[in-house]
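Student: Here it is, the structure in full.
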Amino acid sequence: MTALNRVPSLMARAGTASALTLAAVGGSIAVPGLATDASAATIASKALKVAASKKGAPYRWGATGPNRFDCSGLTVYSFKKAGKKLPRTAAQQYNKSRHVSARNRKAGDLVFFHSGSSVYHVGIYAGHNKIWHAPKTGDVVKLQKIWSKSVWYGRVG
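In structure tokens:
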């Protein structure tokens, strides 16, 4: 009898089995609604989805959602919904993030626009050189191509 064939009898004898026990005997378990490690969404990807879900929400200076946002308000809201607290302003978020190079950026990383050493805008990297952001008064949350080379990237972790 192989280890895999013994799994049902082991489970029946024990009543329950942990995923680690099953793995040790070569079995597997499927639990509805529980994602595997390989497919589990990261905080960053969850935040990215939240930001995208706010497409068309009006910009309002100082707003942190759920219906209106400024740039850092959108990132605060998105990451909070994903389970991570961020500081309020773009500059504070830059200082609290783990800085990554453009080459190592990933979807869900923060994109900081700067003039010299001053950060003035933030969005969430969506891949393909695009960000979700709340641009300015009179505009709405949208997906837009990164328009400047004066950007830094930060990873929330």
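With the first letter of the sequence shown counted as 1, position 24 gets the number 14 in the numbering used here; the numbers rise by one all the way through.
Just so it is clear, CB atoms sit at the ideal spot from N, CA and C, and this is done for glycine as well.
Keep in mind the model is a prediction, meaning the values are calculated, not measured.
Nearer than 7 Å: is that true of the beta carbon of Ser105 relative to any heavy atom of the ligand HEM?
Tutor: Summarising the ligand content, the structure contains no ligands, and the ligand HEM is consequently not present.
Student: Could you check if Gly152 is buried or exposed, using at least 16 other CB atoms within 10 Å of its CB as the buried criterion?
Tutor: There is no way to answer for residue 152, as the model of the chain reaches only from -9 to 147.
Student: How would you write the range of the beta strand (DSSP E) that Phe102 sits in, first residue to last?
Tutor: Residue numbering aside, residue 102 sits at position 112 when the sequence shown is read from its first letter. That run of the beta strand (DSSP E) goes Leu100 to Ser105.
Student: Are the Cβ atoms of Tyr84 and Phe59 separated by less than 8 Å?
Tutor: Your numbering for residue 84 matches position 94 in the sequence shown. Your numbering for residue 59 matches position 69 in the sequence shown. Not a contact, by the Cβ cut-off of 8 Å.
Student: Could you give the uninterrupted runs of the beta strand (DSSP E) lying entirely in the segment 56 to 125, keeping only those of 3 residues or more?
Tutor: Those beta strand (DSSP E) runs which fall completely within the segment 56 to 125 and span 3+ residues are 88 to 90, 100 to 105, 108 to 117 and 120 to 123.
Student: Taking the alpha carbon of Thr79 as the reference point, which residue from Ala97, Ser108, Val40 and Ala72 has its own alpha carbon closest?
Tutor: Translated into the one-based positions of the sequence shown, residue 79 becomes position 89. The candidate whose alpha carbon is nearest that of Thr79 is Ser108.
Student: So which of Leu38, Ala34, Thr32 and Gly144 has the shortest CA-CA distance to Val131?
Tutor: As a working note, residue 131 is residue 141 in the sequence shown. It is Leu38.
Student: With 16 as the cutoff for other CB atoms within 10 Å, does His123 come out buried or exposed?
Tutor: As a position in the sequence shown, residue 123 is number 133, starting the count at 1. Burial call: buried.
Student: Using a 10 Å radius around the Cβ and a threshold of 16 neighbouring Cβ atoms, would you call Ser62 buried or exposed?
Tutor: Here residue 62 corresponds to residue number 72 of the sequence shown, with the count starting at 1. It is buried - the Cβ of Ser62 has at least 16 other Cβ atoms within 10 Å.
Student: What's the gap between the Cα of Val90 and the Cα of Leu76?
Tutor: If you number the sequence shown from 1, residue 90 lands on position 100. If you number the sequence shown from 1, residue 76 lands on position 86. If I take the Cα positions, the gap works out to 17 Å.
Student: Could you tell me how far apart the beta carbons of Ala72 and Val40 are, in whole angstroms, since I believe they sit closer than 8 Å?
Tutor: Taking the first residue of the sequence shown as position 1, residue 72 is located at position 82. Taking the first residue of the sequence shown as position 1, residue 40 is located at position 50. Indeed they touch by this definition, with Cβ atoms about 6 Å apart.
Student: What are the partner residues of Val141, as DSSP defines its beta bridges?
Tutor: Your numbering for residue 141 matches position 151 in the sequence shown. Answer by DSSP bridge pairing, in chain order: Phe103.
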